[in-house]
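Line by line, the protein sequences are chains A and B.
The opening position of the first sequence corresponds to residue 116 in my numbering, with each subsequent residue numbered one higher.
The opening position of the second sequence corresponds to residue 11 in my numbering, with each subsequent residue numbered one higher.
The C-beta atom is built at its ideal place from N, Cα and C for all residues, glycine as well.
Owing to the predicted nature of the structure, the values given are computational and were not obtained by experimental measurement.
Read the structure below first, then the notes.
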Amino acid sequence: MAEPPAALNSGHAIEFAPGVHWIGALDPTLRTFDIILKTANGTSYNAYLIRGSEGVAIVDTVKASFSEDFFARLESVASYDEVKVIVLNHLEPDHSGALPELMRRAPNAKLYISTRATSMLKALLKPDGERFDYTTVGTGDTVSLGDRTLRFLHTPFLHWPDTQCTYLEEQGVLFSGDVFGCHYCDARLFNDKVGDFRFSFDYYYAHIMRPFKQWVLEALAIIEPLKLNMIAPTHGPILRDRPRRYVAHYRELSSSSLAGRISDDERSLIIFYMSSYGNTARMAEAIATGAEQVEGVRVSLYDLEGGEVEPFVDLIEEADALLFGSPTINGDAVKPVWDLLSSLAVLNLVGKLGGAFGSYGWSGEAVRMIEDRMRGLKMRVPLKGVRVKLIPSDEELAVCDTFGREFALELTGQRAGGKVVDMADLA
Amino acid sequence: MAKGKVTFEDIDTTVNVPAGTRLIEVSEKVGAGIIYGCREGDCGTCMMHVVEGWNNLSEPSVLEQKVLKENMAGRHDRLACQAQVIGDCVVKPT
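Structure representation (structure tokens):
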């Protein structure tokens, strides 16, 4: 790696556009971020300082343990009494860690956060018992620094409810928060100077943004029309060389890969199962046969024993409905079912239809446990699952067939509605 | 005992419930599409729209009103984990 710029070693700010400075911190030895993410060369906590004719703005801070670097860089280009504006695009501790101290040091500053950030701000300041005044902002709100204007973009759920982007209008710089970021630590700072960070960029998207694809698309709709000279995210390289490439890549990553493979009016139903003696497998086949009778449903049937978790996760992402079949062994569903059902945090499953079925020896808890897990994943479980004691009879297979058909009718909105039930009759 | 009819518009199903029942208790059991997060009125995940019978749900508390505001609730939106049924109403997921 080339030697980092001298300014990085000496705790100086790096000016990358007139009056716009990087005042963040590098964390090259970090190997795991937030429990869930591997960071092969660490990460950076990017914070920015913008100098206008009527004051200075700070956009985001750093993780608390890196405050010293942050304040040293800030002090190298501004004094605290010049700071008029502090913007937090995202309140996660790696960006808000130095906020309480910054607020203490900069008494003239006003804090700007998104509408949805207020309860998080209070929770983060709880240990110190401090309260700061703040202003909540949304799309279209602006703050003037005299000859510079910061415009706020409401971009929630990227990847917390509170997230927003801030756009420096006169220079076309988008301070994007975690959007377009990655855990990649390189003192060369800029995308046209750092090493090959494609893997880190895609990996970050897959683990942080992927569950919120719909929100990414909504954010892109307000980001794409902007004149973009640079994108300055809170982690990883500053994207100054062809920034639009990354916007286009986000759109590609957030778009459906199933669209065009099945028709728009078809619904995808995937049936996963495990079977010890072939009983749950026979149930799965009968359910698939029943579901296939319904027009507009494309059924896929998979034996979990014959696949890896990762590709199944990809399939689940685009499915409209999921059924899981599991035998009950020692009062539980089998491990491959849980392995898959515990690997879905990177997806948005809200509103997908779910259901379960399975053969059992004497108690048959698996089906209800899977249904509970699906509800926990915010899926809708419209039908009580089918349980069969040991070997399914022809009558029981007919019940499976009906279950499959009813489930598919529900999926396509054709199931007889208008039902009236008593609370006491609900399971 | 006083009763109320709760209709879940998304699944076209009506449930007869004892007055005082929280929406969350019914909607989960019947498989309606309202989704839940914290289940204690803090996160706003279970926001639902009251199509009819707004006055047949318990009054929102100050805390619920605050959470609704923070989550940019529309007119006649409530948190399903907080609203209690006191008469007939029709609801659907937001």
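- The straight-line gap separating the alpha-carbon atoms of S234/A and C53/B is approximately 10 Å.
- If you check each beta-carbon in the segment 34-50 of chain B against every beta-carbon of chain A, the ones closer than 7 Å belong to V36, E38, K39, V40, G41, G43 and I45.
- For secondary structure counted as the beta strand (DSSP E) over 3 or more consecutive residues, the segment 124-150 of chain A holds these complete runs in sequence order: 129-132, 135-137 and 140-142.
- The beta carbons of M494/A and L464/A sit closer together than 7 Å.
- Counting along the chain, D52/B sits inside no beta strand (DSSP E), nor does DSSP assign it H or E at all.
- Within the same chain, Cβ atoms closer than 6 Å to the Cβ of A232/A are found at L206 and D277, the five residues on either side in sequence being excluded.
- Contact annotation for N66/B against chain A: no contact, minimum CB-CB distance about 16 Å [criterion: below 7 Å].
- Three or more beta-carbon pairs separated by less than 8 Å are not found between the segment 527-538 of chain A and the segment 414-423 of chain A, which leaves the two stretches without contact.
- Per the DSSP secondary-structure output, F290/A pairs in a beta bridge with T281/A and A347/A.
- When 8 Å is used as the limit between beta carbons, E80/B is near these residues of chain A: T230, R231, T233 and S234, in chain order.
- Boundaries of the beta strand (DSSP E) harbouring M58/B: M57 to E62, taken from the DSSP string.
- Contact check for T254/A against H269/A passes: the beta carbons are separated by less than 7 Å.
- For S315/A, the uninterrupted alpha helix (DSSP H) run begins and ends at R313 to Y319, by DSSP.
- Counting C-beta atoms within 10 angstroms of its own C-beta, Q279/A has 16 or more neighbours from the protein chains shown and is therefore classed as buried.
- By the Cβ neighbour-count rule, G393/A is exposed, with fewer than 16 other Cβ atoms within 10 Å of its own.
- Counted as a single uninterrupted DSSP element, the stretch harbouring D418/A is not any alpha helix (DSSP H) but the beta strand (DSSP E) occupying residues V412 to D418.
- Among the residues of chain B, those whose CB is under 8 Å from the CB of P497/A are I21 and G41, following chain order.
- One Cα belongs to C99/B, the other to E69/B, and the distance between them is close to 14 Å.
- Taking the Cα of L541/A as reference, the smallest distance to any Cα among V60/B, A29/B, R32/B and E38/B is reached at E38/B.
- Rounded to the nearest whole angstrom, the C-alpha separation of E80/B and E197/A is 31 Å.
- For T270/A, there is no enclosing alpha helix (DSSP H), as DSSP marks it with neither H nor E.
- Straight-line spacing of the CA atoms in P426/A and E245/A works out to 47 Å.
- Nearest to I444/A by C-alpha distance, out of T176/A, L505/A and V461/A, is L505/A.
- If you ignore the 5 residues before and after V61/B, its C-beta comes within less than 7 Å of the C-beta of E19, V100, V101 and K102, all in its own chain and listed in chain order.
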